[in-house]
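In the order they appear, the protein sequences are chains Z and F.
The first sequence begins at 1 in my numbering and counts up one residue at a time.
The second sequence begins at 1001 in my numbering and counts up one residue at a time.
Quick notes on the structure that follows.
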Amino acid sequence: EPEVTQTPSHQVTQMGQEVILRCVPISNHLYFYWYRQILGQKVEFLVSFYNNEISEKSEIFDDQFSVERPDGSNFTLKIRSTKLEDSAMYFCASSVLLGYEQYFGPGTRLTVT
Amino acid sequence: QKEVEQNSGPLSVPEGAIASLNCTYSDRGSQSFFWYRQYSGKSPELIMFIYSNGDKEDGRFTAQLNKASQYVSLLIRDSQPSDSATYLCAVRIKGSARQLTFGSGTQLTVLP
């Protein structure tokens, strides 16, 4: 069964450093998303992406964040200058069409020290 | 602010029993409703979705939606210890078709 994949599974970085989290959505899906979950808290929406453009973003997704689809399979989330409060699990998700079910990848645990 | 509320639990049921998980939402215009299962340290796994009022069954799982009462529930029949996890309710609100708003989850423990 097709699934969303994410790399790395765990990333440790120092405050102020840039990180790139990578995702490969399900191959026939057209909509891509990033969510995060701080330990013990709710899953929170960050951004959605369609047709090489951001289609919606939350207040969390400020200028420090960016997303890109650099090729036909990868979808990336970049954090330019990490803060301690960026430490969280970051989940990539995809859906075949707008409004359809979203399937989540295994996540990247980001630890900022 | 659009909210999704769940009883955080923990909810404990004996093996073989029916587990009932509940979720309420504040935005009357919400359109789509999802139940995800999340094991500790893992990602949300989609187990059910429901778009229309009424019941939807899939194997041991039944989702129930009542839009008038702004209430969605998940029933797990013949609960197994492997069902022990946190169950997340997620809602797609009207006017925001791209994002899911999640509840804080209900922790379910199925006792052998």
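Note that the Cβ used here is the ideal one computed from N, Cα and C, for glycine as well.
Short CB-CB distance (under 8 angstroms) between residue i and chain Z
{"i": "F:P1010", "result": "no"}
{"i": "F:S1030", "result": "no"}
{"i": "F:Q1099", "result": "yes"}
{"i": "F:L1046", "result": "yes"}
{"i": "F:S1043", "result": "yes"}
Bridge partners - residue i, DSSP secondary structure assignment
{"i": "F:L1111", "result": "F:P1014"}
{"i": "Z:T82", "result": "Looking at the DSSP assignment, Z:T82 forms no beta bridge with any residue, so it has no partner."}
{"i": "F:F1049", "result": "F:F1034"}
{"i": "Z:A88", "result": "Z:L110"}
{"i": "Z:H10", "result": "Z:R109"}
{"i": "Z:Y31", "result": "Z:Y50 and Z:S95"}
Chain A contact for residue i (CB, 8 angstroms cutoff)
{"i": "F:R1037", "result": "The question asks about chain A, but that chain is absent: this structure's protein chains are Z and F."}
Short Cβ contact (8 angstroms threshold) for residue i with residue j
{"i": "Z:I26", "j": "Z:V4", "result": "yes"}
{"i": "F:D1055", "j": "F:M1048", "result": "no"}
{"i": "Z:G16", "j": "Z:S81", "result": "yes"}
Chain-ordered chain Z contacts of residue i [CB-CB under 8 angstroms]
{"i": "F:S1096", "result": "E56"}
{"i": "F:S1104", "result": "Q41 and K42"}
Chain-ordered chain F contacts of residue i [CB-CB under 8 angstroms]
{"i": "Z:S48", "result": "R1098 and Q1099"}
{"i": "Z:D90", "result": "The displayed chain sequence assigns Tyr, not Asp, to residue 90 of chain Z. Result: empty, since nearest Cβ-Cβ is about 10 angstroms, beyond 8 angstroms."}
Where residue i meets chain Z, residues with beta-carbon distance less than 9 angstroms
{"i": "F:F1061", "result": "Within 9 angstroms Cβ-Cβ: nothing; F:F1061 doesn't reach chain Z, min ~14 angstroms."}
Residue i beta carbon near the ligand MG (any heavy atom closer than 7 angstroms)
{"i": "Z:G99", "result": "Questions concerning the ligand MG fall outside what the structure shown contains, since it holds no ligand whatsoever."}
Partner residues on chain F for residue i, Cβ-Cβ distance less than 9 angstroms
{"i": "Z:P106", "result": "K1042 and S1043"}
Three-pair Cβ contact test at 8 angstroms for the stretch 1062 to 1069 of chain F versus the stretch 1007 to 1015 of chain F: no
The stretch 1082 to 1098 of chain F / the stretch 1027 to 1040 of chain F touching (three or more Cβ pairs under 8 angstroms): yes
Do the stretch 80 to 92 of chain Z and the stretch 106 to 113 of chain Z make contact, defined as three or more Cβ pairs closer than 8 angstroms? yes
Do the stretch 28 to 44 of chain Z and the stretch 1021 to 1030 of chain F make contact, defined as three or more Cβ pairs closer than 8 angstroms? no
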